[in-house]
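The structure appears right after this line, and notes come after that.
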């Protein structure tokens with residue numbers, strides 16, 4: 001028997017290669033554990049007030065001060081009382097929609113145009129203009145509340161929507177300009193230059209090229225401005241003294257109980273849940289758009 005015959009008859013053993021995809025995960029480090037622990041603590045800290053508000057809204061008057069994590073006898077009577085005849089919650093919802101919607105539209109119009117001019121046009125002092133926008137956002141609202149009240153009282157604007165819309169726009173506009181400036185600066189200059197070469201004016205290039213590409217940033221700004229105007233309380237509380245003009249934030253604070261000494265905590269908590277849930281749904285549905293709009297300006 002020759003050596004070649006032995007080689008042919010002897011089976012060749014093949015060692016199986018370890019699967020590259022089935023690798024053991026690295027053991028978590030203390031840094032990873034600390035990060036997830038911190039994130040869990042922050043999440044609990046942010047969700048705890050809303051959870052407590054939800055639980056309290058399901059409690060009856062006798063259990064309102066009970067500290068149990070779950071209501072002992074869940075009831076929906078607080079939600080029925082929110083829409084009762086003694087409360088003007090439905091009208092307040094309408095007022096909040098009108099005020100927040102108007103603030104969003106006005107702030108977006110001026111914010112988009114101002115941010116485009118600061119980011120894409122070359123003129124002297126544009127950095128100072130941007131700094132002025134940001135500086136106005138640092139003024140606390142309580143510092144200008146009394147002058148605004150006196151001004152609007154002289155104009156006869158107390159208990160009107162414009163007395164709440166104009167201050168809200170002044171606070172929302174710096175936020176919108178700041179977000180949109182970084183977004184416009186991140187856009188390639190070649191797009192606008194190519195449109196100008198094709199015969200577009202600067203305005204046409206803005207409307208047909210730049211503005212459609214800026215939709216994520218504009219959408220993100222709109223959501224943040226709407227939420228800010230929807231939650232505003234201090235100025236609205238000073239400028240609206242009748243139910244006809246009060247938004248939901250003020251109307252909830254004006255809820256009355258059976259007597260003047262009875263504070264309807266359960267009804268207020270139920271109204272807070274009704275007002276908060278649409279905002280939560282809005283953020284959760286458009287979460288990716290919000291994140292992409294906030295981060296797009298930082299990506300070159």
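Residue numbers (UniProt numbering): 1 to 300.
By construction, the Cβ of each residue, glycine as well, lies at the ideal position given by its N, Cα and C atoms.
Quantities reported herein were computed from a predicted structural model and do not represent experimental measurements.
Just how far apart, CA to CA, sit residue i and residue j?
| i | j | result |
| --- | --- | --- |
| residue 145 | residue 127 | 29 Å |
| residue 230 | residue 116 | 26 Å |
| residue 101 | residue 52 | 29 Å |
| residue 176 | residue 159 | 27 Å |
| residue 95 | residue 133 | 28 Å |
| residue 142 | residue 165 | 16 Å |
| residue 109 | residue 37 | 42 Å |
| residue 241 | residue 28 | 57 Å |
| residue 71 | residue 211 | 50 Å |
| residue 149 | residue 171 | 16 Å |
| residue 201 | residue 278 | 41 Å |
| residue 238 | residue 198 | 53 Å |
| residue 59 | residue 46 | 22 Å |
| residue 185 | residue 209 | 14 Å |
| residue 66 | residue 73 | 11 Å |
| residue 35 | residue 112 | 37 Å |
Can you name, in chain order, every residue of its own chain whose Cβ lies under 6 Å from the Cβ of residue i, other than the five neighbours on each side?
| i | result |
| --- | --- |
| residue 137 | 174 |
| residue 78 | 57, 266, 267, 270 |
| residue 10 | With a pLDDT of only 49 at residue 10, under the threshold of 50, the placement of this residue in the model should not be trusted; the figure read from the coordinates follows. Once the five neighbours on either side are set aside, residue 10 has no close Cβ partner at all. |
I believe residue i touches residue j by the beta-carbon criterion, under 8 Å. Please report the beta-carbon distance rounded to the nearest angstrom.
| i | j | result |
| --- | --- | --- |
| residue 223 | residue 286 | 6 Å |
| residue 219 | residue 289 | 6 Å |
| residue 249 | residue 232 | 7 Å |
| residue 125 | residue 179 | Going by Cβ atoms, the distance from residue 125 to residue 179 rounds to 21 Å, so no, they are not a contact pair. |
| residue 169 | residue 107 | 5 Å |
Using C-beta distances below 7 Å, list every residue in its chain close to residue i, excluding the 5 sequence neighbours before and after it, in chain order.
| i | result |
| --- | --- |
| residue 129 | 118 |
| residue 104 | 222, 225, 226, 229 |
| residue 245 | 95, 159, 160, 161 |
| residue 40 | none |
| residue 322 | The structure shown does not extend to residue 322, since the chain is modelled only from 1 to 300, so the question has no answer here. |
| residue 272 | 53, 252 |
| residue 167 | 148, 235 |
Within the present structure, is the beta-carbon of residue i separated from the nearest heavy atom of the ligand ATP by less than 7 Å?
| i | result |
| --- | --- |
| residue 171 | Absence of the ligand ATP is noted for the structure shown, with no ligands found whatsoever. |
Who are the Cβ neighbours of residue i in its own chain at under 8 Å, not counting the five residues just before and after it?
| i | result |
| --- | --- |
| residue 276 | 50, 53 |
Could you check whether the Cβ of residue i sits closer than 8 Å to any Cβ belonging to chain C?
| i | result |
| --- | --- |
| residue 146 | Going by chain labels, chain C is absent from the structure shown, which holds only one protein chain. |
* Does the segment 245 to 255 come close enough to the segment 82 to 93 to have 3 or more Cβ pairs within less than 8 Å? -> Enough Cβ pairs lie closer than 8 Å, so yes.
* If you pair each beta-carbon of the segment 178 to 194 with each one of the segment 204 to 216, do three or more pairs fall below 8 Å? -> yes
* If you scan the segment 172 to 240 from start to end, which runs of the beta strand (DSSP E) of 3 or more residues do you find wholly inside it? -> For the segment 172 to 240, not a single whole beta strand (DSSP E) run of length 3 or above is found.
* Give, in chain order, every unbroken run of the beta strand (DSSP E) that is at least 3 residues long and sits entirely within the segment 70 to 140. => none
* Write down every uninterrupted run of the alpha helix (DSSP H) in the segment 27 to 75 whose length is 4 residues or greater and which is fully enclosed by it, in chain order. => 30 to 57
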